[in-house]
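Here's the structure, in structure tokens; my notes come after.
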Amino acid sequence: MRLSHAEINKKYKITALYGGRMFQHRILALGLYIGEIIKIDRKAPFKGPLLIKIDSSTVAIGHNIAHKIDVQEI
Numbered sequence: 017m018r019l020s021h022a023e024i025n026k027k028y029k030i031t032a033l034y035g036g037r038m039f040q041h042r043i044l045a046l047g048l049y050i051g052e053i054i055k056i057d058r059k060a061p062f063k064g065p066l067l068i069k070i071d072s073s074t075v076a077i078g079h080n081i082a083h084k085i086d087v088q089e090i
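This is the structure:
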């Protein structure tokens, strides 16, 4: 399932990242890597950004970026 389709307040494990080298670099700099456990805190309406909780940090990512990340519910 794509991260952009994930539900709020559920935990997910990142299973794949789809994108070029710059995308991979940006995502890894945010702390999003394969195997990381994340939780969706908020989703803005109309394909707006998502607030994602990683350990004790909160990161905002756009809908298009979230669509390039595969997750699995845990």
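Its first residue numbered 17, the sequence shown is counted upward by one per residue in our numbering.
Glycine is no exception: its CB is placed at the ideal position from the N, C-alpha and C atoms.
Please read these numbers as outputs of a predicted model, since none were measured by experiment.
For residue i, three-class secondary structure by DSSP
i          : result
residue 72 : coil
residue 32 : strand
residue 66 : strand
residue 50 : coil
residue 27 : strand
Proximity of residue i and residue j at Cβ, strictly below 9 Å
i          : j          : result
residue 19 : residue 68 : yes
residue 75 : residue 35 : no
residue 86 : residue 17 : yes
residue 31 : residue 43 : no
residue 83 : residue 65 : no
Residue i - containing alpha helix (DSSP H), residue span
i          : result
residue 81 : 79 to 82
Run of the beta strand (DSSP E) containing residue i, from where it starts to where it stops
i          : result
residue 18 : Residue 18 -> no beta strand (DSSP E), and no H or E assigned at all.
residue 43 : Careful: residue 43 lies outside any beta strand (DSSP E), inside the alpha helix (DSSP H) at 37 to 45.
residue 89 : 85 to 89
State whether the segment 50 to 58 contacts the segment 19 to 34, with contact taken as three or more CB pairs (one from each stretch) at a distance under 8 Å.
yes
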